[in-house]
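Protein chains: 2
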Amino acid sequence: MPTDAKLLPLIQKYFEEDPVRTAHMLETLPEEEAVDVLKGFPNEMAVRLVRHCNAHFAAALLQRLDYPLFRRIVEDLDPQQAAAIFFEFPNHLRELLLLQLEDRKKKQIQEILTFPEDSAGRLMTTKFIALRSDFKVKDAIQKIRILAKQGAPASYAYVIDPESRLVGVMNMRDVILANENDTVESVMRKDVFAVEAFMDREKVAQELSSRHFFAMPVVDSEYRLLGVVHAEKLIGGMQEEATEDLQRMFGASGDERAFSPVRFSLRTRLPWLHVNLVTAFMAAGVISLFEDIISKVTVLAVFMPVVAGQGGNAGAQSLAVVLRGLVMREIPAQKAVKFVTKEMMIGVINGVVIGLVTGAVAWLWQGNPYLGLVIGLGMLVNLIFAGISGAAIPLMMKSIGQDPAQCSNIILTTVTDIVGFFAFLGFAVLFQNHLI
Amino acid sequence: MPTDAKLLPLIQKYFEEDPVRTAHMLETLPEEEAVDVLKGFPNEMAVRLVRHCNAHFAAALLQRLDYPLFRRIVEDLDPQQAAAIFFEFPNHLRELLLLQLEDRKKKQIQEILTFPEDSAGRLMTTKFIALRSDFKVKDAIQKIRILAKQGAPASYAYVIDPESRLVGVMNMRDVILANENDTVESVMRKDVFAVEAFMDREKVAQELSSRHFFAMPVVDSEYRLLGVVHAEKLIGGMQEEATEDLQRMFGASGDERAFSPVRFSLRTRLPWLHVNLVTAFMAAGVISLFEDIISKVTVLAVFMPVVAGQGGNAGAQSLAVVLRGLVMREIPAQKAVKFVTKEMMIGVINGVVIGLVTGAVAWLWQGNPYLGLVIGLGMLVNLIFAGISGAAIPLMMKSIGQDPAQCSNIILTTVTDIVGFFAFLGFAVLFQNHLI
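Heads up: the sequence lines are chains W and Y, in that order.
Under the working numbering, the first sequence has 250 at position 267, and the numbering climbs by one with no breaks.
Under the working numbering, the second sequence has 200 at position 217, and the numbering climbs by one with no breaks.
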């Protein structure tokens, strides 16, 4: 702790004023320096600091602490956040570090880690208020007082039967409005909506946002209450989900993070680059069919990237709109054909406009109107196909149960390259007497 | 209402069981049929149905209703949702339809519409519980009872001073735990965090999710309480925000929706296609410098799409990772150089691997080892630059205050095309004695 020793009191003061911003600031430091700051904090403050860091960074810090401090911090985190941090540890470290914890905490964390990543079970908090349906309201209030002091969140109180099955829900307002001697059963709402612990977070988010709830109970297959998932836990998740699609489009893994190890990036990106290579050679194969005309009219080679570039970008525009539309549930299966038709229309108009401009530029540049005609027609065909395939590829992938984003751009550029080169060079052969 | 007349009772029954799913189902019908269903519903049910539809679809339905039914439905929606629907109306219709409403509702909606799209002011609800700090807790409970009956959400009660300025917050649990005769001031939490009405929803979502709140008060510049924004309102918004980046990467507008009118799509996409055309011609210009060698070694033209395709896709992988990292706040300005260096490293390794494979394939296919060498070296240079520019372009755009996503892929492919062709054809010139 060289220079930081002096800065520490300042950082602590800043932390007291605004813990969130201080945590974000800390995330920008090299991990060794951040660990020094953490070690210099009093215990209670260190816990609060870790609570505000993202799980990835928190894991990097915690694995650099000595076991006693590590244990003290993790014991004070809620199990759900601790599990998120444990998930970020490398496999061999995870087991080792779990052994450092008290049995109860260890079990809680292990339980949460059995649910699949990005499931309701992983996101839920196990701190919640559960009441028996035969309680009187005054007993309920008594229990809420106790649980509240232990830090259960102030949202809903859930009502369970003797087998822990979820049978109702009360919000705190219902509790306030009720008569002291009513039973919980007579006051609770019975139409409680719950999600299964294995449900994917994307689905959970949809349910929460379309039902206008800010929290939902999580149950197992027997409808036993396991936990509660809160809307604010899903906000970051939903951004993540949507941005993962972006990475998958180009064949980077959805799990890659900005500072994932180089090895991880290579392992997921290189295979798709090889796939892309195969498809690029297919496009090369198309061109090799036309080597004869290219050797006679070299200028055709000059215009090839124009054809490929325009087709690829126009197709990617359609692709981006359809992927966004699928995430936002704007394109139900019944409207797929309507959507592809619309994109084809756009392709036709794009093709006419860009075809005319490209043709004119080519004519002026090279002084041959037939060259303009050839590239203009090639562009028209190319952009119509780009619109159709940009829209249709993800919809077809979805209809056969595949991830619509996965390497969709690689498939798309294959189509636009092959169709584009075929059209452009095909027209060149057709008009070759005027080109040579 | 031809066939639907018979189906209506069934749809109503289904709606009573699961209003959310029924609303989603309705969104898949052609608008004329959905309107028939809506008209056939009793008033109260129609309101609930509209409440569960997305604003875009709700607007399409509402503008097909006669004024009396339109008015009855809109009067029963909360102002915030009504404003979201009004925002979807075409400009000329919006004014006309506002005139159909009662003065009070009209004013509320107009007020909300003065806040910028995607701001806290647009997302907040104006139904909330506000208490004066000098109230006794028992009076507070009395007021909560009344407001609760009018449907104010059961989350927090906000405490204001006589000038309506926000001074504190109580959650319902605090109210339950307090002594009846305490003043609100002695019970409330004073460290209340509020957001400004003009704050962008992306920022609001960050604050909510990093502070672990499920609702936050919205204030004006004088700290007067205007409304409350709830986490579940932001979930859909955050997905939207992230997927808009995807569209902007390729020069489609962030505002384009799956079924935006063709005119709208063309207006935003065509200008960027022209930009792309200019950059494609720059790549064409590079190739034209090498026409001489291409005319002698036509097979170089065959390999050009392989160079362009690999560079474009590898660069887009880096681009996707950096855009995701920026959304998720994983790349603070201080780590930008570290990130670009990492992507360059990946580019070097990708370049060596893909360069060797491509070189070997080219050698085997065309029987000339020097052709393999030329394309292998070209690929190496190409992929290193692809990694650097994919990572650096959005970071540079952000540092000069521009949207890092905007047409980033168009800029990227310009760089990869130009560098790739220069390297590939340049090496070809260098080794031309062995190629001809």
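Built from N, CA and C at the ideal position, the CB exists for glycine as well.
Residue nearest to residue i in terms of C-alpha spacing, selected from the options
i: M265 of chain Y; options: Y:Q46, Y:G104, Y:G403, Y:L44; result: Y:G403
i: V170 of chain W; options: W:Y141, W:R184, W:V3; result: W:Y141
i: V167 of chain W; options: W:F176, W:N154, W:V178, W:A177; result: W:N154
i: R31 of chain W; options: W:S248, W:D1, W:V412; result: W:D1
i: V323 of chain Y; options: W:A388, W:L253, W:V245; result: W:V245
i: E179 of chain Y; options: Y:L306, Y:R312, Y:F98; result: Y:F98
i: L418 of chain W; options: W:D61, W:G350, W:S372; result: W:G350
i: V289 of chain Y; options: W:H7, W:Q293, W:E224, W:H257; result: W:H257
i: L160 of chain Y; options: W:S192, W:V150, W:I124; result: W:I124
i: L306 of chain Y; options: W:K121, W:E14, W:Q222; result: W:Q222
i: A67 of chain W; options: W:K89, W:L52, W:L96; result: W:L96
i: L48 of chain W; options: W:P62, W:Q63, W:Q64, W:E16; result: W:E16
i: Q293 of chain Y; options: W:T397, W:M311, W:A388; result: W:T397
i: R240 of chain Y; options: W:K90, W:K186, W:L302, W:Q91; result: W:L302
i: G342 of chain Y; options: Y:L208, Y:G355, Y:I127; result: Y:G355
Residue-level contact to chain Y via CB, residue i, 8 Å cutoff
i: T11 of chain W; result: yes
i: E223 of chain W; result: yes
i: K78 of chain W; result: A small fix is needed here, since residue 78 of chain W is Glu in this sequence, not Lys. Chain Y contact via Cβ: absent.
i: T(-14) of chain W; result: Bear in mind that the predicted position of T(-14) of chain W carries a pLDDT of just 44, short of 50, making it too unreliable to give a figure here.
Interface flag, residue i vs chain W, CB-CB below 8 Å
i: V398 of chain Y; result: no
i: A343 of chain Y; result: no
i: S192 of chain Y; result: yes
i: L253 of chain Y; result: yes
i: E15 of chain Y; result: no
i: S382 of chain Y; result: no
i: T281 of chain Y; result: yes
i: Q63 of chain Y; result: no
i: Q91 of chain Y; result: no
Neighbour-count burial assignment, residue i, 16 or more Cβ in a 10 Å radius
i: P(-15) of chain W; result: Unreliable placement is indicated for P(-15) of chain W, whose pLDDT of 45 sits below 50; no coordinate value is reported for it.
i: T5 of chain W; result: buried
i: D421 of chain W; result: The question about residue 421 of chain W has no answer, for chain W in this structure spans -16 to 419.
i: D275 of chain Y; result: exposed
i: R77 of chain W; result: buried
i: N296 of chain Y; result: buried
i: E(-1) of chain W; result: exposed
i: G308 of chain Y; result: buried
i: E313 of chain W; result: buried
i: S243 of chain W; result: buried
i: H75 of chain W; result: exposed
i: D400 of chain Y; result: buried
i: K(-4) of chain Y; result: exposed
i: N392 of chain W; result: buried
i: N164 of chain Y; result: exposed
i: P25 of chain Y; result: exposed
i: R156 of chain Y; result: buried
i: N259 of chain W; result: buried
i: F111 of chain Y; result: buried
i: K325 of chain W; result: buried
Contact with chain A by residue i, beta-carbon distance below 8 Å
i: K(-4) of chain W; result: Judged by its chain identifiers, the structure shown contains no chain A, and its protein chains are W and Y.
Any non-hydrogen atom of the ligand HEM within 7 Å of residue i CB
i: E239 of chain W; result: No copy of the ligand HEM appears in this structure; indeed no ligand is present at all.
The stretch 282 to 296 of chain Y / the stretch 265 to 276 of chain W touching (three or more Cβ pairs under 8 Å):
yes
Could you run through the stretch 321 to 335 of chain Y and flag, in chain order, every residue whose CB is less than 9 Å away from some CB of chain W?
K321, F322, K325, E326, M328, I329, I332, N333
Counting Cβ pairs, one atom from each stretch, are 3 or more of them under 8 Å apart for the stretch 407 to 414 of chain Y and the stretch 354 to 372 of chain Y?
Note that the stretch 407 to 414 of chain Y touches the stretch 354 to 372 of chain Y; at least 3 beta-carbon pairs, one per stretch, sit closer than 8 Å.
Residues from the stretch 202 to 229 of chain W in contact with chain Y, defined by Cβ distance under 8 Å:
H213, A214, E215, K216, L217, I218, G219, M221, Q222, E223, E224, A225, T226, E227, D228, L229
For the 8 Å Cβ check, are there 3 or more pairs between the stretch 323 to 336 of chain Y and the stretch 364 to 378 of chain Y?
A contact exists between the stretch 323 to 336 of chain Y and the stretch 364 to 378 of chain Y.
Three CB pairs or more closer than 8 Å across the stretch 31 to 42 of chain Y and the stretch 62 to 74 of chain Y:
Counting Cβ pairs under 8 Å, three or more are found: they touch.
Any 3 or more C-beta pairs closer than 8 Å across the stretch 105 to 121 of chain Y and the stretch 199 to 212 of chain Y:
Result yes; three or more Cβ-Cβ pairs closer than 8 Å.
Under 8 Å, with one C-beta from each stretch per pair, do the stretch 79 to 92 of chain W and the stretch 43 to 56 of chain W reach the 3-pair mark?
yes
Decide yes or no for the touch test of the stretch 173 to 191 of chain W against the stretch 226 to 240 of chain W: beta carbon pairs closer than 8 Å, at least 3 of them.
no
The stretch 402 to 414 of chain W: positions lying closer than 8 Å to chain Y by Cβ:
F404
With 8 Å as the limit, tell me which residues of the stretch 363 to 383 of chain W have their beta carbon closer than that to any beta carbon of chain Y; keep them in chain order.
none
Closer than 8 Å between beta carbons: that is the criterion. Which residues of the stretch 95 to 126 of chain Y meet it against chain W?
Only those residues of the stretch 95 to 126 of chain Y whose C-beta falls short of 8 Å from the nearest C-beta of chain W are listed: I124.
The stretch 32 to 50 of chain Y: positions lying closer than 7 Å to chain W by Cβ
H35
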